[in-house]
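Protein chains in written order, with our numbering: chain A, 35 to 162; chain B, 35 to 162. These notes are about the structure you will find just below.
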DNA sequence: CGAGTGTATTAAGATGGTTAATACACTATA
DNA sequence: TATAGTGTATTAACCATCTTAATACACTCG
C-alpha cells in the first residue's frame, strides 16, 4: 500500500501522511473504506506503531480520515476536505507565483507547464 | 537587513538562506555588492557565527553568492543563477499543478491566481 | 604588523524523530 | 462472557541535527 523512501530525510510520519493523502486525493482509496490498523501498517513498514499513530492523527486533523475507537481509521468523503485542500493549494500557488515573478520568469513558461499538466481539461479558461 | 522569525520552526540557517536569496532575486542586493561579514551578521542577529557561515556556504553552493577568502562574500550576477532558478521553479510548479489536478481544482481557479500575481504582464499568453 | 575576513575543529547543550515496553478502553466475534 | 483486534496514552531511552561556544589558522588590506 505504501513504500517508504529511506533516502528521504524527512520524518517517516510525514512520508506516511503525504502518501496516504495522495492515495485518498487521487481516489486510490474509496470514501469510508478502512485503512490498515496502526499495528499492521507499522509491521508492514517495519516501523514503530507510535510513528503510524502520529501519521494517522495528522491525517485526521487535516480531515482526510476519521477514527472510530476500537474499530479503526476510515477515509473521509471528498467534500469534507476538498474546500480546505483548495485553499491550501491556493496559498502554495500564490507563494510560488510570487517567487517566479520576482525571478523574472515569463508568463509564457508558466502557461506551457499548465497546459502540459492540464492537458485533458483544455477548453478556454486561462485568459480573461 | 534581515529579521528572523522565532515562531518559524525551521533552522535559523535556512531562514537566512531564504531571506538572502529573496533579497538577491528581487534586486534588493546588487550584483557584486558585499554581504555583511560572517561575524557582523551573527552579531546583528544574535546568533553564532557558525550558523551564518553555514547559510553563506549554502548560498554559495546554490550560486547566489561567491566568496573571496580574506575579503568577504559577494552577490553573484543574475545570469549565473537564473537558469538554475527557473528550472527549480519549473519543478515546483509541475509538482504543485499535479496535486491541484489530482484534487480536482478547476483550471479557472489557477488562471485567476496567475492573473492576480502577474497583473502587470497581462497580454495574452495563457491559452494556445 | 594589526584588524578584519573566511574557514576549520572540537565539545557541549537542546530539540525532535524514533524505538521500546506497557497499559487502558473500546468493539466485534466466537 | 471471553478473546482478539482496535485506537490511545505514557514513559524512558537512543540518536541525529541544530545551535552555541571557544579556539585556531590563513588570507587580505591598510
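Backbone N, C-alpha and C define an ideal beta-carbon position, used for all residues, glycine too.
- Within 10 angstroms of the Cβ of residue 41 of chain B, are there 16 or more other Cβ atoms? Answer buried if so, exposed if not. Its Cβ having fewer than 16 others within 10 Å, residue 41 of chain B is exposed.
- Touch check for the segment 93-104 of chain B and the segment 70-82 of chain B: three-plus C-beta pairs under 8 Å? Contact check between the segment 93-104 of chain B and the segment 70-82 of chain B: fewer than three CB pairs, one atom from each, fall below 8 Å, which does not count as touching.
- Would you identify the three-state DSSP class for residue 106 of chain B, choosing helix, strand or coil? In this structure, residue 106 of chain B counts as strand in the three-state DSSP scheme.
- In chain B, which residues lie with their C-beta within 8 Å of the C-beta of residue 81 of chain A? Result: empty, since nearest Cβ-Cβ is about 23 Å, beyond 8 Å.
- Query: Are at least three pairs of beta-carbons, each pair with one atom in the segment 100-115 of chain A and one in the segment 124-134 of chain B, less than 8 Å apart?
  - Reply: No, the segment 100-115 of chain A is not in contact with the segment 124-134 of chain B.
- Task: Flag residue 147 of chain B as yes if its beta-carbon sits less than 7 Å from any beta-carbon of chain A, otherwise no.
- Result: Interface residue, yes.
- Give the DSSP-derived three-state secondary structure of residue 99 of chain B in the structure shown. In the three-state reduction of the DSSP assignment, residue 99 of chain B falls in the strand class.
- Item | residue 59 of chain A: contacting residues in chain B (beta-carbon distance under 8 Å) | Scanning chain B for C-beta atoms nearer than 8 Å to the C-beta of residue 59 of chain A yields 133, 136, 137, reported in chain order.
- According to DSSP, residues forming a beta bridge with residue 53 of chain B: Bridge partners of residue 53 of chain B: none, in fact.
- Query: Is there at least one Cβ from chain A nearer than 7 Å to residue 93 of chain B's Cβ?
  - Reply: Chain A contact via Cβ: absent.
- Task: Quick one: which residues of the segment 119-130 of chain A get their C-beta closer than 7 Å to a C-beta of chain B? List them in chain order.
- Result: So the list reads 119, 120, 123, 124, 126, 127, 128, 130, given in the order they occur along the chain.
- Which stretch, first to last residue, makes up the alpha helix (DSSP H) that contains residue 137 of chain A? Note, residue 137 of chain A: premise wrong, no alpha helix (DSSP H); not H, not E.
- Message: With a threshold of 7 Å between beta carbons, is residue 53 of chain A in contact with chain B?
- Response: In terms of beta-carbon proximity, residue 53 of chain A stays away from the interface with chain B, with every pair separated by 7 Å or more.
- Item | Own chain, CB closer than 8 Å to residue 91 of chain B, minus 5 neighbours either side, in chain order | Cβ neighbours of residue 91 of chain B beyond the five flanking positions: none.
- Query: My guess is that residue 38 of chain A and residue 79 of chain A are in contact by the Cβ rule of under 8 Å, so how many angstroms apart are they, rounded?
  - Reply: Contact between residue 38 of chain A and residue 79 of chain A holds: their C-beta atoms lie close to 6 Å from each other, under 8 Å.
- When we look at the beta-carbon of residue 102 of chain A and count the other beta-carbons within 10 Å, is it buried (16 or more) or exposed? So residue 102 of chain A ends up on the exposed side.
- Beta-carbon gap between residue 59 of chain B and residue 136 of chain A smaller than 7 Å: Closer than 7 Å, so yes.
- Item | For residue 119 of chain A and residue 145 of chain A, the rounded distance between their alpha carbons | When rounded, the distance between both Cα atoms is 23 Å.
- Does the beta carbon of residue 152 of chain A sit closer than 7 Å to a beta carbon anywhere in chain B? Using beta-carbon distances, residue 152 of chain A counts as an interface residue toward chain B, with a partner under 7 Å.
- Message: What does the Cβ neighbour count give for residue 66 of chain B, buried or exposed, with the cut at 16 atoms within 10 Å?
- Response: Result: exposed.
- Message: Helix, strand or coil for residue 43 of chain A? Go by DSSP, reduced to three states.
- Response: Here residue 43 of chain A sits in coil by DSSP.
- Using a Cβ-Cβ distance under 7 Å, would residue 141 of chain B count as near chain A? Using beta-carbon distances, residue 141 of chain B counts as an interface residue toward chain A, with a partner under 7 Å.
- Item | Selected residue, minimal CA-CA separation from residue 44 of chain A, among A:151, A:61, A:89 | Comparing Cα positions, the closest option is A:89.
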